[in-house]
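Residue numbers (my numbering), protein chains in the order written: chain Z, 1 to 374; chain X, 375 to 748; chain C, 749 to 1122. For every residue, glycine included, the Cβ atom is placed at its ideal position computed from N, Cα and C. A quick note: this is a predicted structure, and the numbers were derived from the prediction, not measured. Here is the structure we will look at, set down as structure tokens.
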């Protein structure tokens, strides 16, 4: 199987993925937590674009963060005379936040350009406490096509973090979805504290171990670690035995199902405990940096239960899982960046059997994306 | 008129200006204040060139700041054994500061190269307390061709500042000459303290509002704000009124005449008060940085009056006008840099009627420059 | 003679040298002091390559510092389960340090890739307290071909320093070998303290002053300063006399013989005192930085004498010679970097008679190197 993973043919099959330095075009991306977007415009940067978010009468709107006149960022100095317009600090050009239309120029009131010039606007949707933007040129498909299955289920509370990581977004995806990167987590307190043991690695039992989902609905690849993978707990190097069993009397816990979805979503189900799911998104910011979204989800019966869950995330899981455990992943992505930027990762990498899922993800992403961001 | 400003034809007409990242060649530029140049060589950088200035028996001379041997900067460690030579710290090559000629090599006295090698020299002229250099390959035209009209008038005292600004020189020119950038100054203490009010913007009354001057003598474009421009003091955005009248009982003061001159000079007359003129030069240093010259001028009857004026500039106008007021301009230029370097300002800018003067400046500069610095 | 040094023909003759930004390929280079390499792997970077050194049962081995799987540096987090293997921190790929062979993958024990994948290994040799690596693709010639004559002599003790200098390696070579750069040292305490005087410069007496050695054995160029060079102690600039005689009653000491050897070695014999030799190597690290090796050598009769010599170097010569005197050279190389990188050194340099030795070194290096590092 290793030969199959390292041929020129398979590399051709992920060409689009290889070119997607700045991610895929014509997709929905998470841009901010809902609670971060209020009546003061908030600048964000996704896929290399400067964007401004603002909540008007409860609804969130998004426009390009560049004045159509001389292209300066509005956000360099924000000036708003009404709740639904923004005025450029430089020459007073004023655009409507909901339509992007130029509605006034303070320095030349009644200019002939009014109504004839507009800035780009972005379709916005709020769901599960997140603000999503559509970056593309086509009629946006439903948001449900661009998030993992179950993400939009009602009766689910969500909480978590978003931070910037200094690596290309693909190293986020490939690290999170990789079934042998568990090796880097083997001494994690999250596992030891729960008397849990991870194997050194999970190896696919056949070349069909990875399930491919090409829609309708979300498009992704699924690893059912319990069913189609063989865990390895021990290996020896020239007679020296290396064992994953670093805690006494480990508690048997079945491994989660891990899946990767277009445009950039990971789902780990269940994780970090049996009644929770961890979603992650790796959203391109610039070529060498991405937004790392970590979202924990739990089924709840009431708003009170939701509130208790959010407090639990903040008091416990943020330290133990989202930072304590996942900071190792961040470190690994940044180390991979060097190999694929300074080094010659793309041409010299040598994949092994457990990289099957990464190869399938690269192929699916190349086949099913709606465009490449140039 | 807006259509006229945004055509391909007009863009062709400012092609040379677009290419002049490092400014125009074969022009005079201010390089230092006279009082800064003494008997110790002083290094400066203009239009990407390293240059060394030195005063010898009262007169200022300029040579290239690179030893002809291995091209190291003399200024890395200055060594002068006579008042009119400089010796390279590395191998003792010694050149005459007035001719640029190699006159000795200390490490090989009497070398055959003596008298056969020279460094580049620059024509120098002092006027109004400034040292001017000619950067080019042709016989220099009179200095008076490369400064604004009136600049060399006798009986005028001058004082001010020069500082480095982190933007291309053109954003200095386009900000200073722009008749609607006054919008950024509307809350300035300089105005409020004088109970003066600026309009939100000045809009040209016709397409002939800008006066074009193509010599003989200086070449430039003139905005007579009092005559050919309509000031706007109020505008409304969806019913919300924005007014320029931010002080009670404003004092009526006619606006100045503003003009822009090759290679890179602005003249604001009168400014900041009725008996003064402000000159500004935006001298390219590197592609992304320029020297910002701010020179206040006043007619005086005697050297004593001149001295009083210079003290007044230092005690009052430096804080209130040159820094307090103009620091807003510096900030704006730096914000524009991002739009035209990271962003796509040149291709995506959308000009409006008051940009007429900027378009005329770009066209005149493209038509009348003596060369582009490559 | 000056004309001869500045022709197009002579420039063609050093083309390979001009292209050797990252040094020459298929040569031996010093990589570390022997005492720095122990049982913990030590990362180094030479000629742009990341390499890992390790001592196993007394012998030093070297492998490429990149995991063959995803090309991350092993050294980002070193993990060794046996004394002769290294395990990648990311997915547990484990290679043998002596053969470079993949011997195990902890996350997929028994993988089909074992024995089929290997990392690059480098030939290693220890001599005179230094660890040498061969960087190239050919069967390595004897180490004695790539060090100055006498360097491997038995009965010689060696001690010194290695540091990183922020310039291309060639400015190290050209500064060290240059017979007129002594000008920069004329006020050095090392000389004054010994009542020694250097001339302002040494000028070759004929165009055959430089001895060319093209093997068998080391290839290099030799300046016998005592025999073929004329020292100049005085020169005048427009009547002002500049003299090298800055100490009273200077002690007459014959100047050393200075030579430069492929791939990047300087030999100064004797220096800094009559019974010592100073060797220097300028080993490319990246394009704009090199390792500066300073090695003092002295003939000794016993290990006890060797120990006393090493203590003397550390207590006295390190401060006085290796730092005090040679820090001026480091400064000069860094100043030359700017001239050949920002500036136009290669095309605009104008060589003079004493640069004969530099020209001969450039020509020999271009003629006799075994390849250029790309």
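Chain-ordered chain C contacts of residue i [CB-CB under 8 Å]
{"i": "residue 425/X", "result": "None at all; the shortest Cβ gap to chain C is about 13 Å."}
{"i": "residue 482/X", "result": "928, 949, 951, 980, 1100, 1101 and 1102"}
{"i": "residue 455/X", "result": "985, 988 and 990"}
{"i": "residue 360/Z", "result": "What residue 360/Z touches in chain C: nothing, since even the nearest Cβ is about 17 Å away."}
{"i": "residue 2/Z", "result": "859, 860 and 861"}
Three-state secondary structure (DSSP) of residue i
{"i": "residue 354/Z", "result": "helix"}
{"i": "residue 1080/C", "result": "helix"}
{"i": "residue 860/C", "result": "coil"}
{"i": "residue 74/Z", "result": "helix"}
{"i": "residue 1047/C", "result": "strand"}
{"i": "residue 1056/C", "result": "helix"}
{"i": "residue 464/X", "result": "coil"}
{"i": "residue 618/X", "result": "coil"}
{"i": "residue 736/X", "result": "helix"}
{"i": "residue 188/Z", "result": "coil"}
{"i": "residue 598/X", "result": "strand"}
{"i": "residue 21/Z", "result": "coil"}
{"i": "residue 1034/C", "result": "strand"}
{"i": "residue 81/Z", "result": "coil"}
{"i": "residue 146/Z", "result": "helix"}
{"i": "residue 158/Z", "result": "strand"}
{"i": "residue 569/X", "result": "coil"}
{"i": "residue 121/Z", "result": "strand"}
Neighbouring residues, chain X, relative to residue i (Cβ below 7 Å)
{"i": "residue 944/C", "result": "Near residue 944/C there are no residues of chain X at all, since even the closest Cβ is about 18 Å away, more than 7 Å."}
{"i": "residue 105/Z", "result": "726"}
Identity of the residue in the options nearest residue i by Cα
{"i": "residue 54/Z", "options": "65/Z, 44/Z, 45/Z and 37/Z", "result": "37/Z"}
{"i": "residue 812/C", "options": "1005/C, 1089/C and 845/C", "result": "845/C"}
{"i": "residue 808/C", "options": "1049/C, 1106/C, 871/C and 1079/C", "result": "871/C"}
{"i": "residue 157/Z", "options": "71/Z, 363/Z, 342/Z and 298/Z", "result": "298/Z"}
{"i": "residue 187/Z", "options": "203/Z, 212/Z, 57/Z and 247/Z", "result": "247/Z"}
{"i": "residue 573/X", "options": "550/X, 603/X and 593/X", "result": "603/X"}
{"i": "residue 296/Z", "options": "332/Z, 266/Z and 160/Z", "result": "160/Z"}
{"i": "residue 1022/C", "options": "1091/C, 843/C and 1002/C", "result": "1002/C"}
{"i": "residue 515/X", "options": "681/X, 399/X and 704/X", "result": "399/X"}
{"i": "residue 22/Z", "options": "10/Z, 211/Z, 49/Z and 201/Z", "result": "49/Z"}
{"i": "residue 542/X", "options": "737/X, 707/X and 730/X", "result": "707/X"}
Within-7 Å CB hit, residue i to chain X
{"i": "residue 985/C", "result": "yes"}
{"i": "residue 1113/C", "result": "no"}
Amino acids of chain X, ordered along the chain, whose beta-carbon sits closer than 9 Å to that of residue i
{"i": "residue 89/Z", "result": "557, 558, 706 and 709"}
{"i": "residue 975/C", "result": "Ordered by position in chain X, no residue passes the 9 Å Cβ test against residue 975/C, which lies about 18 Å from the chain."}
CB contact check: residue i to chain C, cutoff 7 Å
{"i": "residue 444/X", "result": "yes"}
{"i": "residue 324/Z", "result": "no"}
{"i": "residue 48/Z", "result": "no"}
Neighbour flag for residue i against chain Z, beta carbons, 7 Å
{"i": "residue 563/X", "result": "no"}
{"i": "residue 846/C", "result": "no"}
{"i": "residue 824/C", "result": "yes"}
Beta-carbon neighbours of residue i, restricted to chain C and to distances below 9 Å
{"i": "residue 348/Z", "result": "814, 816 and 819"}
9 Å Cβ cut-off: residues of chain Z touching residue i
{"i": "residue 840/C", "result": "180, 183, 200, 201, 235 and 242"}
{"i": "residue 713/X", "result": "66, 67, 70, 71, 72 and 73"}
Within chain Z, the residues that residue i reaches when beta carbons sit closer than 8 Å
{"i": "residue 546/X", "result": "Simply none; closest approach about 14 Å."}
{"i": "residue 833/C", "result": "237 and 238"}
Contact list for residue i against chain Z, beta-carbon separation under 7 Å
{"i": "residue 717/X", "result": "66 and 71"}
>> Along the segment 859-877 of chain C, where does the CB come closer than 9 Å to a CB of chain Z? Name the residues.
In response: Answer set for the segment 859-877 of chain C: 859, 860, 861, 864 and 865.
>> Under 8 Å, CB to CB, which of the residues in the segment 989-1001 of chain C have a partner in chain X?
In response: 990
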